[in-house]
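Numbering (the working numbering), first residue to last: 11 to 276.
Every residue, glycine too, gets a C-beta built ideally from N, C-alpha and C.
Step one of this worksheet: look at the structure below.
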């Protein structure tokens, strides 16, 4: 019995360095986990991410570091490789079954960190144009300009070009038209430039441009372009005001009414 306790005491004494090292590793992992999770919270809050998503991502990071630290600490006492191998196989099986969910989850994290758009921005993605209502870890909710609610998987949104209209403080408005051959081109150009300057939100730089683009059978085709401040108006309202202004200007100058020739892609 005395020999047993003597051996046990020797084993305990021999294990003290491992115990101290394991304890230090675990305590350091706790500190690093807290420090990094707080850093993630600060970054995401500065980017106006949803508070629930911010706390979730911070907690995921914190617990990942803690678990890694605990496994590293346990490695000082026994070989956890076999356990981790079995756990890895199980994780691979579950991950393969939930591949789509995982892909959308990771894409949601990327969208929240990179922020190609945020809630309230007017965007266009996968053929849908509207205002972003919500961005969570699996989907993005979008309200189109005609009022429809579209739920987009984050992986699909991230895999396609995203157009952010809100970030563009200035937008160009194009008015493709056609005028009769009998009209004086320079008078037409001057009248269009005059009409465009009265549009609400009009900006002088870049300067408005009127270019003649093609000869039709009975008309000359042209393109009138000008820029507007999107904080003061929208492209649709600016185009509406410009067309009404062009009509009034042409009538007052007895230049007839130009005919729109195509619907532009805005």
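- Taken atom to atom, the span from the alpha-carbon of residue 127 to that of residue 171 is near 12 Å.
- Under the three-state reduction of DSSP, residue 144 is assigned to strand.
- Your pair residue 70 and residue 39 does not check out as a contact, with CB atoms roughly 15 Å apart and the cut at 8 Å.
- Below 8 Å, enough C-beta pairs join the segment 216-225 and the segment 190-207 to call them touching: three or more.
- Residue 130 and residue 115 have their C-alpha atoms some 21 Å from each other.
- A Cβ-Cβ contact shorter than 8 Å links residue 189 with residue 229.
- Residue 159 is bridged by DSSP to 153.
- Between the beta-carbon of residue 167 and that of residue 135 there is about 5 Å, and that keeps the pair under the 8 Å contact cut.
- In the displayed model, residue 57 falls within coil according to three-state DSSP, outside both helix and strand.
- Excluding its 5 nearest sequence neighbours in each direction, residue 243 has C-beta neighbours in its own chain below 7 Å: 210 and 211, listed in chain order.
- Straight-line spacing of the CA atoms in residue 42 and residue 112 works out to 26 Å.
- DSSP places residue 186 in no alpha helix (DSSP H) but in the uninterrupted beta strand (DSSP E) bounded by 180-190.
- In terms of Cβ geometry, residue 174 and residue 133 form a close pair [threshold 8 Å].
- Rounded to whole angstroms, the Cβ separation of residue 266 and residue 197 is 11 Å, and the two are not in contact under 8 Å.
- Counting along the chain, no alpha helix (DSSP H) covers residue 229; the unbroken beta strand (DSSP E) around it starts and ends at 229-239.
- Cα atoms of residue 144 and residue 236: separation of roughly 33 Å, rounded to the nearest angstrom.
- 195 is the residue among 245, 216, 195 and 159 whose C-alpha sits nearest the C-alpha of residue 224.
- The beta carbon of residue 44 lies closer than 8 Å to those of 72 in the same chain, with the five residues before and after it left out.
- Annotated as distal: residue 176 and residue 162, with beta-carbon spacing of 8 Å or more.
- Judged by beta-carbon spacing, residue 36 lies beyond the 8 Å limit of residue 68, meaning their Cβ atoms are not closer than that value.
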